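See below for the structure under consideration.
Residue numbers (this note's numbering): 327 to 758.
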């Protein structure tokens, strides 16, 4: 009998894994299971073009809907996997179907955290994770209405920009000092606060929401300091948590996601994990980390598929993602959870810069505002783990490519499309 590979999670990581298995010549059975009714699609544009009604969902599909049947990939869309039996090597679906597997990939992603405060169940309170969520928010988003957003991470910032573009009044409540504070720090985060303020977003930093009020539907938001904000609807973006309940009681190691090695393999034979849910060991950073980005979902989905085929290599991509807010493009490369030095090349005031986050002399990560080319050139420096003279790093007359030992720089030529890594990753369009 031909082997049967089962993938739980019909998202970007799971869908990419299924496509990779077929394109790499796997002739066995592939079953792709997903809780959403749609085939795998990209999520980044949900907070941007899709929310604003500028692009249909079909534009975000990983593959056309008929790709899966044409390539003999069985699908179970609109149904959840509820139980995993390691002894019988089977997955049980909520409709009672039992699906045996020879190898299993878990790509269940993440779920949005929920506020557990008075009034949280009132109508008119939304979060954004799926196309269906975006549809509901778009229905509410009529010009002149007032939205209150809770949280100003990347999703909150993008939704704020989209709603302002659509002609809504927008207020944001954020417990930290600036947008994106935990990722970028106060100095860089203040740049984004100023951008949103100039676009008419009302910003309330250092505030915590304590309750929602309304008669059957949310009408106002209350904070710990006594602030009361009237609203027509609310969008909550207070982070996510990995969806690991399928593995409860199985012995598969779970700690801030599903723990896997550099080959996307769990501690249990024939079970793999990829995407937002995977807490993977990264050889470059020499630690486990869980990443919730578009590029990681695609790259790790492919890496997991190759490992399932016995042809895997250590997964050590330098992570990259981007965000579009108003006319500004933000790009990030690397990984950092802290830094001991922040260096700025360019000008924060002019909103034209690249910020380098250094730890022990090495660049751990960089974020660029409207400087995609220089971000591209930073990625090899992160991968090489080279200690760089800080004065050269911030000197704009120095070509960043020359800071990589042994690199010979060719004369500049115009390029229509850049890649986020000159030695690797693929950059598709404008989104992640």
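C-beta atoms are modelled at their ideal positions from N, C-alpha and C, and glycine is treated no differently. All figures in this text were calculated on a predicted structure; none of them were measured in a lab.
Classify residue i as buried or exposed, calling it buried when 16 or more other Cβ atoms lie within 10 Å of its own Cβ.
i: residue 619; result: buried
i: residue 729; result: buried
i: residue 524; result: exposed
i: residue 467; result: buried
i: residue 749; result: Note on residue 749: pLDDT 33, under 50, position unreliable in the model; no value is reported.
i: residue 453; result: buried
i: residue 461; result: exposed
i: residue 601; result: buried
i: residue 534; result: exposed
i: residue 327; result: exposed
i: residue 414; result: exposed
i: residue 703; result: buried
i: residue 644; result: buried
i: residue 551; result: exposed
i: residue 581; result: exposed
i: residue 603; result: buried
i: residue 687; result: exposed
i: residue 422; result: exposed
i: residue 500; result: buried
i: residue 675; result: exposed
i: residue 374; result: buried
Alpha helix (DSSP H) containing residue i: first to last residue?
i: residue 459; result: 457–466
i: residue 572; result: Careful: residue 572 lies outside any alpha helix (DSSP H) and carries neither H nor E.
i: residue 349; result: 338–349
i: residue 719; result: 716–720
i: residue 393; result: 393–396
Hey, could you find the ends of the beta strand (DSSP E) residue i is sitting in?
i: residue 306; result: Because the chain in this structure spans residues 327 to 758, residue 306 falls outside the shown range and cannot be described.
i: residue 359; result: 355–360
i: residue 409; result: 407–411
i: residue 605; result: 604–608
i: residue 599; result: 597–599
i: residue 333; result: 330–334
i: residue 374; result: Neither: residue 374 is in no beta strand (DSSP E) and is coded neither H nor E.
i: residue 425; result: 424–426
i: residue 399; result: 399–403
i: residue 539; result: 535–539
i: residue 528; result: 528–531
i: residue 418; result: 416–419
i: residue 615; result: 613–616
Find out if the Cβ-Cβ distance for the pair residue i, residue j is shorter than 8 Å.
i: residue 480; j: residue 663; result: no
i: residue 338; j: residue 368; result: yes
i: residue 544; j: residue 438; result: no
i: residue 697; j: residue 732; result: no
i: residue 341; j: residue 366; result: yes
i: residue 406; j: residue 420; result: yes
i: residue 560; j: residue 443; result: no
i: residue 590; j: residue 633; result: yes
i: residue 436; j: residue 329; result: no
i: residue 432; j: residue 425; result: no
i: residue 614; j: residue 622; result: no
i: residue 372; j: residue 487; result: no
i: residue 584; j: residue 595; result: no
i: residue 491; j: residue 505; result: no
i: residue 411; j: residue 472; result: no
i: residue 362; j: residue 631; result: no
i: residue 483; j: residue 651; result: yes
i: residue 440; j: residue 449; result: no
i: residue 685; j: residue 666; result: yes
i: residue 394; j: residue 358; result: yes
Run the proximity test for residue i: is its beta-carbon closer than 7 Å to any non-hydrogen atom belonging to the ligand GDP?
i: residue 586; result: Absence of the ligand GDP from the depicted structure is noted, as is the absence of any ligand whatsoever, leaving it without description.
Could you check how far apart the C-beta atoms of residue i and residue j are, in whole angstroms? I think they sit under 8 Å.
i: residue 588; j: residue 642; result: 7 Å
i: residue 572; j: residue 332; result: With 8 Å as the limit, residue 572 and residue 332 do not qualify as a contact, their Cβ atoms being about 12 Å apart.
i: residue 528; j: residue 497; result: 4 Å
i: residue 628; j: residue 343; result: 7 Å
i: residue 355; j: residue 396; result: The pair is not a contact, with the Cβ atoms about 15 Å apart (cut-off 8 Å).
i: residue 659; j: residue 692; result: 6 Å
i: residue 547; j: residue 474; result: 5 Å
i: residue 477; j: residue 577; result: With a Cβ gap of about 35 Å, residue 477 and residue 577 do not count as contacting.
i: residue 689; j: residue 708; result: 5 Å
i: residue 701; j: residue 683; result: Contact doesn't hold; Cβ gap of about 13 Å is too wide.
i: residue 376; j: residue 360; result: Actually they are not in contact, since the Cβ atoms of residue 376 and residue 360 sit about 18 Å apart, beyond 8 Å.
i: residue 678; j: residue 695; result: 7 Å
i: residue 494; j: residue 469; result: 7 Å
Secondary structure, alpha helix (DSSP H): runs of 4+ residues fully inside the region 432–504: Entirely contained in the region 432–504, the alpha helix (DSSP H) runs reaching 4 residues are, in chain order, 457–466 and 480–491.
Secondary structure, beta strand (DSSP E): runs of 3+ residues fully inside the region 627–708: Those beta strand (DSSP E) runs which fall completely within the region 627–708 and span 3+ residues are 646–651, 654–660, 667–673, 678–685 and 688–695.
Sequence ranges, beta strand (DSSP E) only - wholly within the region 549–583, length at least 3: Unbroken beta strand (DSSP E) stretches of 3 residues or longer found wholly inside the region 549–583: 554–556, 559–562 and 566–568, given in chain order.
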